[in-house]
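*Asks:* All residue numbers for the sequence shown refer to the numbering used here, where the first residue is 1 and numbers rise by one. The C-beta atom is built at its ideal place from N, Cα and C for all residues, glycine as well.
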Amino acid sequence: MESTFRRERKKPVAEMNVVPYIDVMLVLLVIFMVTAPMLTQGLQVELPKAVTDNISLKNREPVIISIKADGSYWIKQGNARDRHVDKNEITGEVREALDKSPEAPVLVNGDHRVKYGVVVTMMAQLQQAGVPNVGLLTQAAPDVAP
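1) Any heavy atom of the ligand COA closer than 8 Å to the CB of P105?
2) Give me the DSSP bridge partner(s) of K76.
3) Counting along the chain, where does the alpha helix (DSSP H) carrying L98 start and finish?
4) Going by DSSP, what residue range makes up the beta strand (DSSP E) through V108?
5) What would DSSP say about L29, mapped onto helix, strand or coil?
6) By the three-class DSSP mapping on this structure, what secondary structure does G117 have?
7) Of the choices Q128, V118, G130, A129, whose alpha-carbon is the least far from that of L136?
8) Looking only at C-alpha atoms, which of Q128, P12, G92, M122 sits nearest to K68?
9) Quick one: grab the DSSP three-state call for L126.
10) Run the CB neighbour count on P102, radius 10 Å, all protein chains shown included, and call it buried at 16 or more, exposed below.
11) Let me make sure I understand the geometry here. Which of S72, M33, K100 has the alpha-carbon closest to that of E61?
12) P146: buried (16+ other C-beta within 10 angstroms of its C-beta) or exposed?
13) Excluding the 5 residues preceding and the 5 following E8 in the sequence, name in chain order all residues of the same chain whose CB lies nearer than 7 Å to its CB.
14) Using CA coordinates, which residue listed in R6, V30, I75 is at the minimum distance from G110?
15) Might you give, ordered along the chain, the residues of its own chain that have their beta carbon closer than 7 Å to the beta carbon of E89, omitting 5 neighbours on each side?
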């Protein structure tokens, strides 16, 4: 006798379980969200405000010399991190950077609390080291209505 209860055969499931992949993607997203601000951090310097035109770097990585309010000197080229350097070592560091990239602009990033004479002295040292042009970084001033 044939039974009236028949079992239907289940077809094999050929779907891929994507839940573990979603978990991994969320973990990676969190990691990137946490590390992204760290990549863009730089040296905290309060720049003086001035109304100027933006400079065009033309795909050249600048050499930036920062002078903090406490009198410490820092140097940065391209996407590298700021490095603390002695005041007397800056000209040698800039010469090395310009040997690698002669067209790189040299910019001085002086905190607004640094005395004017300190910035001028740094610019004079750079000129004596053979740097043809030195620029000053400023923070854009708010628009003032006439």
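*Replies:* If we stick to the structure as given:
1) This structure lacks the ligand COA; in fact it carries no ligand of any kind.
2) I64
3) Looking at the DSSP string, the run of the alpha helix (DSSP H) that includes L98 is 90–100.
4) Note, V108: beta strand (DSSP E), 106–110.
5) helix
6) Secondary structure of G117 (DSSP, three-state): helix.
7) With respect to the C-alpha of L136, the residue from Q128, V118, G130, A129 having the closest C-alpha is V118.
8) Comparing Cα-Cα distances from K68 to each of Q128, P12, G92, M122, the minimum goes to M122.
9) Correct three-state label for L126: helix.
10) exposed
11) K100
12) Legend: pLDDT at P146 = 45, less than 50; position of this residue unreliable, value from coordinates given subsequently. Looking at its Cβ environment, which holds fewer than 16 other Cβ atoms inside 10 Å, P146 is exposed.
13) none
14) With distances taken between Cα atoms, G110 lies closest to I75.
15) For E89, there are no CB contacts under 7 Å within the same chain when 5 residues up- and downstream are skipped.
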